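Numbering (my numbering), first residue to last: 178 to 524.
So the structure is just underneath, and the comments pick up after that.
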Amino acid sequence: MRPLYFLLLAGSVCAQTNSFTALDTNRDGKVSEAEVPEALRAHFKSLDADSDGFVTPVEIAKVAPAATSTAEVDQVRNVDYVGANNPRQTLDLLLPKDHATRKRPLVVFIHGGAWNSGKKEDGLSVIRVLASTGDYVTATLNYRLSQEAPWPAQIHDCKAAIRFLRGKADEYGIDAGNIGIMGISAGGHLVSMLGTCGTADSLEGDLGAFPKQSSQVQCVVNFFGPTNFLSFTGDPNRPNAITALLGGPGPQLMEKAREASPVTWVTDKSAPFFTAHGTKDTLVPYSQAEEIHSALTKAGVESHLITMEGAGHGFSSGDLNQRIRQFLDNHLRQQHGAISDAPIKVQ
């Protein structure tokens, strides 16, 4: 099941179609579950606030106010950020129509999928919501999967993408000094690495045409990503998604696990973090969120841990959406506001 971790359904209703009426096929001013695309029906009830079997524009606005923006966007697809003609090293951008007139902060989405599946298109609905506000340039990227190349290929790709986007800042209307990232699950792991190992030369790699650009980011939104493989790997001789990522079981596995763990790289120079994680997540334990939050806090880095009470590996919350938007605005647009760290109960 694809989780509604941010604005996936609301974004699809209001941004991907650009019109609520596009789904309201019988023009009665509300959308029934039957009118929603089948791939998104699993999350219909999370938007149906009054449980009457219909979703209205008011209900969508309560969950994702930003999604109701009508700002138009330009889409740039399949941009090769390395120059190797590998589709796994490409990205898509969504740009406000007037991106040539002024520079905006950039938010980059990194998909999940246990490092062995997933694609950049998984994030299009999410980044479209942000781009359609007119406040952000957005991107979503592919990276090489573990069956093609083991660690550290994944972080090398992500860093190359950030350097590429900085190098193309003038072309795409990007404020190169304000780049935020968000990712889910395996993508949450990769954004957490980007936020903590920005100055680690050993993980920088040498891919792409912009080796002198910085791969550092200004803020991180981590949805239930692994952060410490040393406490999460379990039996180093048992094959699983993590051991596959790290090159398979063997005597070097634990050292690779240490290198690939965001908690290893936390310093007082790490980027501010916003982490959301469900207490009933059976794929990535909630303790992984606690570990990165604790390490960041001890280092004196701003860290928000939002406990999603009762949630598993995926959740939806209008309250959470608003906190995320404020976090991004605080660090990328200097539109400062308070952010609550109170737990959120998920029904």
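We treat Cβ as the ideally placed atom computed from N, Cα and C, and that holds for glycine.
No experiment lies behind these values; they were computed from the predicted model shown.
Runs of the beta strand (DSSP E) lying entirely within the segment 376-425 and spanning at least 3 residues, in chain order: 396-400.
Per the C-alpha coordinates, the member of 448, 523, 512, 508 positioned closest to residue 484 is 523.
By the C-beta criterion, the segment 462-479 is judged not to be in contact with the segment 417-433, since fewer than 3 inter-stretch pairs fall below 8 angstroms.
When DSSP states are grouped into helix, strand and coil, residue 344 belongs to the helix group. Around the Cβ of residue 433, a 10 Å sphere holds 16 or more other Cβ atoms; the residue is buried. Counting only residues of its own chain and dropping the five nearest sequence neighbours on each side, residue 385 has a CB closer than 7 angstroms to the CB of 258, 259, 260, 337, 340, 341.
Of 249, 250, 205, the smallest CA-CA separation from residue 231 is found for 205. For residue 387, the closest alpha carbon among the candidates 262, 346, 364 is that of 346. The three-state reading of DSSP puts residue 511 in coil, since its state is none of H, G, I, E or B.
Under DSSP, residue 269 forms a beta bridge with 317. In this structure, 335 is the residue among 335, 442, 265, 404 with its C-alpha nearest to the C-alpha of residue 392. A straight line joining the alpha-carbon of residue 376 with that of residue 357 spans about 16 angstroms.
Ranked by Cα distance from residue 282, the options 394, 442, 382, 390 are led by 394.
Proximity of the segment 494-512 to the segment 455-467 falls short of the contact definition, fewer than three beta-carbon pairs being nearer than 8 angstroms.
In this structure, residue 268 lies near residue 297, with their beta-carbon atoms less than 8 angstroms apart.
Under the DSSP assignment, residue 353 falls in the beta strand (DSSP E) whose first and last residues are 351-361. Shortest Cα-Cα distance from residue 405 to any of 379, 383, 229, 443 involves 443. With three or more CB-CB distances shorter than 8 angstroms, the segment 247-256 counts as touching the segment 303-318. Looking at the DSSP output, residue 480 sits in a beta bridge with 450.
Residue burial annotation: residue 228 is exposed, with fewer than 16 other C-beta atoms found within 10 angstroms of its C-beta. Distance from the Cα of residue 453 is smallest, within the candidate group 315, 313, 517, 507, for 517. Pairing residue 461 with residue 364 gives a Cβ-Cβ distance that is not under 8 angstroms. By the neighbour-count definition (other C-beta atoms within 10 Å, threshold 16), residue 379 is an exposed residue.
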